[in-house]
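Chemist: Here the protein sequences line up with chains A and B, keeping their order. Each residue of the first sequence is one higher than the last, beginning at 107 in the numbering used here. Each residue of the second sequence is one higher than the last, beginning at 80 in the numbering used here.
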Amino acid sequence: MRRIPVTHNSGGLSLFKIVKKVVLRHDIKQMDILAPLVARKIKPGQFIMFRVDESGERIPLTMVDHDPEKGTVRIIFQEVGKSTRQLGDMNEGDSVLDFIGPLGKYHKMTGGKHGRIIGVGGGIGIAPLLPKVREFQADGDEIISIIGARSKDLLILEDEMKAASSELNICTDDGSYGHKGFVTEILKQKLDESTNYDFVLAIGPPIMMKVVRDLVKPYGVPCYVSLNTIMVDGTGMCGSCRVSVGGKVKFACIDGPEMRGEEIDFAEMMSRQTRYVAEEKTSMERYLAKEGK
Amino acid sequence: MDDKARKLAGIKQKEKTPMPEQKAKIRAHNFKEVPYGYTAEMAIEEAWRCTQCKNQPCVAGCPVEIDIPGFIAAIQQGDFREGINVIKRTNALPAVCGRVCPQEEQCEKFCIRGIKGEPVAIGRLERFAADWEAEQGEADLPEIAPSNGKKVAVIGAGPGGMTCGGDLVAMGYDVTVFEAFHDSGGVLLYGIPEVRLPKDIVSRKTDYLARMGVKFEYNMVVGNVLTIEEMREQGFEAFFVATGAGLPWFMNLKGEGLNGVYSANEFLTRANLMKAYDPKNYDTPTWVGSKTAVVGGGNVAMDSARTAMRLGSEHVYIVYRRALEQMPARNEEIHHAQEEGIEFLLLQNPLEILDDGEGWVSGMRCIRMELGEPDASGRRRPVPIEGSEFVLEVDGVVIAIGNGANPLFIDATPGLKVNKWGNILADDKGRTSLKGVFAGGDIVIGAATVIEAMGAGKIAARAIDEYLSGKAGDWSPELGE
Ligand SMILES: Cc1cc2nc3c(=O)[nH]c(=O)nc-3n(C[C@H](O)[C@H](O)[C@H](O)COP(=O)(O)OP(=O)(O)OC[C@H]3O[C@@H](n4cnc5c(N)ncnc54)[C@H](O)[C@@H]3O)c2cc1C
Ligand code: FES
Numbered sequence: 107m108r109r110i111p112v113t114h115n116s117g118g119l120s121l122f123k124i125v126k127k128v129v130l131r132h133d134i135k136q137m138d139i140l141a142p143l144v145a146r147k148i149k150p151g152q153f154i155m156f157r158v159d160e161s162g163e164r165i166p167l168t169m170v171d172h173d174p175e176k177g178t179v180r181i182i183f184q185e186v187g188k189s190t191r192q193l194g195d196m197n198e199g200d201s202v203l204d205f206i207g208p209l210g211k212y213h214k215m216t217g218g219k220h221g222r223i224i225g226v227g228g229g230i231g232i233a234p235l236l237p238k239v240r241e242f243q244a245d246g247d248e249i250i251s252i253i254g255a256r257s258k259d260l261l262i263l264e265d266e267m268k269a270a271s272s273e274l275n276i277c278t279d280d281g282s283y284g285h286k287g288f289v290t291e292i293l294k295q296k297l298d299e300s301t302n303y304d305f306v307l308a309i310g311p312p313i314m315m316k317v318v319r320d321l322v323k324p325y326g327v328p329c330y331v332s333l334n335t336i337m338v339d340g341t342g343m344c345g346s347c348r349v350s351v352g353g354k355v356k357f358a359c360i361d362g363p364e365m366r367g368e369e370i371d372f373a374e375m376m377s378r379q380t381r382y383v384a385e386e387k388t389s390m391e392r393y394l395a396k397e398g399k
Numbered sequence: 080m081d082d083k084a085r086k087l088a089g090i091k092q093k094e095k096t097p098m099p100e101q102k103a104k105i106r107a108h109n110f111k112e113v114p115y116g117y118t119a120e121m122a123i124e125e126a127w128r129c130t131q132c133k134n135q136p137c138v139a140g141c142p143v144e145i146d147i148p149g150f151i152a153a154i155q156q157g158d159f160r161e162g163i164n165v166i167k168r169t170n171a172l173p174a175v176c177g178r179v180c181p182q183e184e185q186c187e188k189f190c191i192r193g194i195k196g197e198p199v200a201i202g203r204l205e206r207f208a209a210d211w212e213a214e215q216g217e218a219d220l221p222e223i224a225p226s227n228g229k230k231v232a233v234i235g236a237g238p239g240g241m242t243c244g245g246d247l248v249a250m251g252y253d254v255t256v257f258e259a260f261h262d263s264g265g266v267l268l269y270g271i272p273e274v275r276l277p278k279d280i281v282s283r284k285t286d287y288l289a290r291m292g293v294k295f296e297y298n299m300v301v302g303n304v305l306t307i308e309e310m311r312e313q314g315f316e317a318f319f320v321a322t323g324a325g326l327p328w329f330m331n332l333k334g335e336g337l338n339g340v341y342s343a344n345e346f347l348t349r350a351n352l353m354k355a356y357d358p359k360n361y362d363t364p365t366w367v368g369s370k371t372a373v374v375g376g377g378n379v380a381m382d383s384a385r386t387a388m389r390l391g392s393e394h395v396y397i398v399y400r401r402a403l404e405q406m407p408a409r410n411e412e413i414h415h416a417q418e419e420g421i422e423f424l425l426l427q428n429p430l431e432i433l434d435d436g437e438g439w440v441s442g443m444r445c446i447r448m449e450l451g452e453p454d455a456s457g458r459r460r461p462v463p464i465e466g467s468e469f470v471l472e473v474d475g476v477v478i479a480i481g482n483g484a485n486p487l488f489i490d491a492t493p494g495l496k497v498n499k500w501g502n503i504l505a506d507d508k509g510r511t512s513l514k515g516v517f518a519g520g521d522i523v524i525g526a527a528t529v530i531e532a533m534g535a536g537k538i539a540a541r542a543i544d545e546y547l548s549g550k551a552g553d554w555s556p557e558l559g560e
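#1: I'd like to know whether the C-beta atoms of A/Val338 and B/Arg389 end up nearer to each other than 8 Å.
#2: DSSP three-state call for A/Ser300: helix, strand or coil?
#3: Comparing the C-beta of B/Ala126 with each C-beta of chain A, is any distance below 8 Å?
#4: By how many angstroms is the C-alpha of B/Gly515 removed from the C-alpha of A/Lys323?
#5: Please state whether the Cβ-Cβ distance between B/Val440 and B/Val470 is less than 8 Å.
#6: On the premise that A/Asp133 lies in contact with A/Gln184, defined as a C-beta separation below 8 Å, what is that separation, rounded to the nearest angstrom?
#7: For B/Glu560, which residues from the same chain have a beta carbon less than 7 Å from its beta carbon, with the 5 sequence-adjacent residues on both sides left out?
#8: Hey, would you say the C-beta of B/Ile234 is under 7 Å away from at least one heavy atom of ligand 1?
#9: Output needed for A/Ala270: all residues of its chain with C-beta closer than 6 Å, excluding positions within five of it in sequence on either side, in chain order.
#10: Have a look at the DSSP bridge pairing and note the partners of A/Arg392.
#11: Note down, in chain order, each residue of its chain lying with its Cβ closer than 7 Å to the Cβ of B/Arg206, except the 5 sequence neighbours on either side.
#12: Compare the C-beta of B/Glu345 with all C-beta atoms of chain A and state if any pair is closer than 8 Å.
#13: For A/Glu175 and chain B, any beta-carbon pair shorter than 8 Å?
#14: Taking B/Thr98 as the reference, which of B/Pro114, B/Leu172 and B/Ala218 has the closest Cα?
#15: Between A/Phe205 and chain B, is any beta-carbon pair separated by less than 8 Å?
#16: Going along the chain, which residues of its own chain have a beta-carbon closer than 6 Å to the beta-carbon of B/Glu183, five neighbours each way excluded?
#17: Using only alpha-carbon positions, find the residue among B/Gly420, B/Gly235 and B/Val231 that is nearest to B/Ala317.
#18: Among B/Ala542, B/Ile524, B/Gly525 and B/Pro148, whose alpha-carbon lies nearest the alpha-carbon of B/Phe517?
#19: Name, going along the chain, the residues of the segment 375-389 of chain B whose beta-carbon falls closer than 8 Å to a beta-carbon of chain A.
#20: Please determine whether the Cβ atom of B/Met310 lies at a distance below 7 Å from any heavy atom of ligand 1.
#21: Between A/Met107 and the rest of its own chain, which residues show a CB-CB distance below 7 Å, the 5 nearest in sequence each way excluded?
#22: Could you check if B/Gly501 belongs to the surroundings of ligand 2, using beta carbon to heavy atom distance under 7 Å?
#23: Going by C-alpha distance, which of B/Gly157, B/Phe346 and B/Asp506 is nearest A/Ser346?
#24: If you measure from the CB of B/Met44, is any heavy atom of ligand 1 nearer than 7 Å?
#25: Any residues in the segment 197-228 of chain B with a beta carbon nearer than 7 Å to a beta carbon of chain A? Which ones, in chain order?
#26: Within the same chain, show all residues whose beta-carbon is closer than 7 Å to that of B/Ser23, passing over the 5 residues directly before and after it, in chain order.
#27: Would you report the Cα separation of A/Leu119 and A/Tyr303, rounded to the nearest angstrom?
#28: Under 9 Å between beta-carbons, which chain B residues line up against A/Ile360? List them in chain order, please.
#29: Just tell me which of B/Gly336, B/Thr285 and B/Gln101 has its CA closest to the CA of B/Glu437.
#30: Please report how far the alpha carbon of B/Ala402 lies from the alpha carbon of B/Glu422, in whole angstroms.
#31: Just checking B/Gly202 against ligand 1 - is the residue's beta carbon closer than 7 Å to any of the ligand's heavy atoms?
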């Protein structure tokens, strides 16, 4: 395949090297990828897109951490489709072909000095929530975090979230750890106790964000979410990522991914997320067959 | 035949020498280029239709002023090398332009042979000369001036940026092209499909520029990863912004968010750049309905319709609110689309896209139109006919009504002035409100043509040279609103 050597973005290499890989939970993996220019610029809430190889798709992932000195960007992903599975099968020392970022709007959210914020993270959504929470903490805000997973063995970043929050609440669907039930149950308790919060930030599966948004609304507290819609370019060029917000078309990749949740048409968004379910399944089967898995 | 006999035969021949192409029935189901191009004999025959008239009206019709009679004269003599060299003096992408320029609006429009019969097939001859050169192996590099050590950044590797980069490198500048995608070509790569423009042609051009010394940096979303200010700190002294018109318009119709509704950009990018037409070998998925409506009447609409058909849609409709004569697409594309069985629903406009109850498209409610008074563009304005609504049964919709200016780079570049549509304001040399920053192509003029973007790249290259060699005077561009 023809490829003119790229120099800058990857720090003198034409590929983007995986310098560290950690398996957090069986199919949830963390990687630090060498991409100095991205590492220098990326901010909490922004995302990158990667493409494993020439035949790969472009997949967006929100940044979890970055180290401008080492030139690395940390991502955490669950192997849900062929591309994330393929990335997950790669090891330290391997490289991906493309790594593009920072993408998305950086949204400086803060409650001001001594603000009060609730952060809600569900499943893999805890990963992008972490840098936001850290930023709030650095700003001197009081931050109550509520994180949830299906069960204890799927819960990630507990220690990191604990260190970055003023208070950490944990929920599991099956009750194997923390509160048995959904994050929204704890959220409701908190809001019933007080509505003195600057805003709620919820990142997780669309259904969780929708439920949080609906729950928060009557309390009159602003609610932000981070949208992970299906993307192609991530630069506003295609409209694949579009969502309806108050009847207007918005592009998650350039207007978001973080947005006020109040007017988002979540029903449409969730339906759009199912567009390629069949195609993705075939692609995964083909990959597994090829790899002899 | 001697020259005299050929000349006579050429004058007698009222119509263009036909160009062989794949049969409509077959090509509608493959992704290979449609026309095969002229053979050497056909090219010479067609070249002799040019009378080498004194006035050369064709040249004035060419946005980059190719010496058309000059290159055709060389083809008449079978000197194809000279032919291509004449073209390359003013056009860096002849293989592309020969295929995608709207010749009927430009050079061929003014050809005197067109008065009684068809004009000389200038586009086909240009294509022939370029393809001939490619067959001879690696193209000769132009003369490249000794390096002057001055660094110029080009932002966007579409036809505008590539042209500007090539010209500047030839003048001795140290040029880096920064491209957001993982490869260069811009719309030539992600928009225009293989059937009209084989991607090999685009990559050959990139290789050629790289051999000339242009550096390419991919995956670089300028504005986000690097700003103009930071690039200045890195020693870049001038900039050419050619980021194209990449922000698809939607129609604000009810149901536009349904599954099965695409912007043309998304539909074509999935198919072309990400190669979704080859699901066995590429991972990016796409979806096509059994009946597809493409809304719009430009080249983008034709490309989308023909792509939908090739992806397996059984019925493909072009839904256009004006009449056939007013379609902005190239004649050849309209003709090819019709031949391939794409149905044209003219003077019709969508009102709403209907939901099948599960979030997918089940139809498109449309209304018939008639032509009223001319509007600002001089075209007769289509007005809806009351009570003429109907439902078009489709399960896929592609919106191909055009693109606005992408805000990403502009938002990250304080002080860069834009008009009310978000297009960068630039004077006739490409100078913007920021010193040392030039702009051109679709990001300035709105969605236009390949050749206009190239023309803007050429002008900017010259202006950048003046600016960096201190011959330009003050930076005081006259910018409109
Ligand atoms: C489907 C389709 C069919 C067409 N058919 C024809 C035709 O037949 N004939 C014709 O003459 N014209 C046609 N056009 C129009 C023509 O392609 C454009 O006018 C032309 O490509 C514009 O060139 P450009 O260099 O200004 O921009 P583009 O070709 O749009 O290139 C811009 C480049 O800049 C990159 N970029 C954008 N933002 C950034 C950033 N922030 N940082 C770095 N890079 C960035 C983009 O990724 C892209 O590669 C067609 C257009 C489309 C979409
Ligand atoms: S992903 Fe293409 S516009 Fe957002």
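Just so you know, even glycine gets a beta-carbon here, dropped at the ideal spot from N, CA and C.
Modeler: The relevant details are as follows:
#1: Stepping through the first sequence from its first residue, residue 338 of chain A is reached at position 232. Stepping through the second sequence from its first residue, residue 389 of chain B is reached at position 310. No, Cβ-Cβ distance for A/Val338 and B/Arg389 is not below 8 Å.
#2: Taking the first residue of the first sequence as 1, we reach residue 300 of chain A at position 194. Of the three classes helix, strand and coil, the one that applies to A/Ser300 here is coil, per DSSP.
#3: Your numbering for residue 126 of chain B matches position 47 in the second sequence. Not one chain A Cβ lies under 8 Å of B/Ala126.
#4: The sequence position of residue 323 of chain A within the first sequence is 217, counting from 1. The sequence position of residue 515 of chain B within the second sequence is 436, counting from 1. Going from the Cα of A/Lys323 to the Cα of B/Gly515 covers about 49 Å.
#5: The residue labelled residue 440 of chain B in the question sits at position 361 within the second sequence. The residue labelled residue 470 of chain B in the question sits at position 391 within the second sequence. The answer is no: Cβ separation not under 8 Å.
#6: As a working note, residue 184 of chain A is residue 78 in the first sequence. As a working note, residue 133 of chain A is residue 27 in the first sequence. That pair is a contact at about 6 Å.
#7: Stepping through the second sequence from its first residue, residue 560 of chain B is reached at position 481. Excluding residues within five positions, the ones whose Cβ falls inside 7 Å are Asn498.
#8: For this step, residue 234 of chain B is matched to residue 155 along the second sequence. Yes, Cβ of B/Ile234 sits closer than 7 Å to a heavy atom of ligand 1.
#9: Counting from 1 along the first sequence, the entry for residue 270 of chain A is found at position 164. Within the same chain, A/Ala270 has close Cβ partners Val239, Arg240 and Gln243.
#10: Along the first sequence, one-based indexing puts residue 392 of chain A at 286. DSSP, once it has assigned bridges, lists no residue as partnering A/Arg392.
#11: Indexing the second sequence from 1 puts residue 206 of chain B at position 127. The answer, listed in chain order, is Gly116, Ala174, Gly177 and Arg178.
#12: Locating residue 345 of chain B in the second sequence gives position 266, counting from the first residue. Cβ-Cβ to chain A under 8 Å: yes for B/Glu345.
#13: Here residue 175 of chain A refers to the residue found at position 69 when the first sequence is read from its first residue. A/Glu175 does not count as touching chain B.
#14: Along the second sequence, read from residue 1 onward, the residue named residue 98 of chain B stands at position 19. The sequence given here has Met at residue 98 of chain B, not Thr. Per the Cα distances, B/Pro114.
#15: The residue you call residue 205 of chain A lines up with position 99 of the first sequence. Chain B contact via Cβ: present.
#16: Locating residue 183 of chain B in the second sequence gives position 104, counting from the first residue. Excluding positions up to five away in sequence, the list reads Asn410.
#17: For this step, residue 317 of chain B is matched to residue 238 along the second sequence. It is B/Val231 whose Cα lies nearest to the Cα of B/Ala317.
#18: As a working mapping, residue 517 of chain B is identified with position 438 in the second sequence. The shortest Cα separation from B/Phe517 among B/Ala542, B/Ile524, B/Gly525 and B/Pro148 belongs to B/Ala542.
#19: none
#20: Residue numbering aside, residue 310 of chain B sits at position 231 when the second sequence is read from its first letter. No; taking the cut-off as 7 Å, the Cβ of B/Met310 has no heavy atom of ligand 1 nearer than that.
#21: Locating residue 107 of chain A in the first sequence gives position 1, counting from the first residue. For A/Met107, the predicted model reports a pLDDT of 31, less than 50, meaning its position is unreliable; a value from the coordinates is still stated below. These residues qualify, in order along the chain: Glu160.
#22: Numbered from its first residue, the second sequence carries residue 501 of chain B at position 422. No, ligand 2 has no heavy atom inside 7 Å of this Cβ.
#23: Locating residue 346 of chain A in the first sequence gives position 240, where the first residue counts as 1. Minimum Cα distance to A/Ser346 is reached at B/Phe346.
#24: Given a span of 80 to 560 for chain B in the structure shown, any question on residue 44 of chain B remains unanswerable.
#25: none
#26: Because chain B here runs from 80 to 560, residue 23 of chain B falls outside it and cannot be looked at.
#27: As a working mapping, residue 119 of chain A is identified with position 13 in the first sequence. As a working mapping, residue 303 of chain A is identified with position 197 in the first sequence. Since pLDDT at A/Leu119 reaches only 47, below the 50 mark, its modelled position is unreliable, and the value read off the structure follows with that caveat. Rounded to the nearest angstrom, the two C-alpha atoms are 46 Å apart.
#28: Mapped onto the first sequence, residue 360 of chain A falls at position 254. Within 9 Å Cβ-Cβ: Leu326, Asn485, Pro486, Leu487 and Asp490.
#29: On the second sequence, residue 437 of chain B is found 358 positions in, with the first residue counted as 1. Out of B/Gly336, B/Thr285 and B/Gln101, B/Gly336 has the C-alpha closest to the C-alpha of B/Glu437.
#30: As a working mapping, residue 402 of chain B is identified with position 323 in the second sequence. As a working mapping, residue 422 of chain B is identified with position 343 in the second sequence. Between B/Ala402 and B/Glu422, the C-alpha separation is close to 14 Å.
#31: The count along the second sequence starts at 1 and reaches residue 202 of chain B at position 123. Outside the cutoff, so no.
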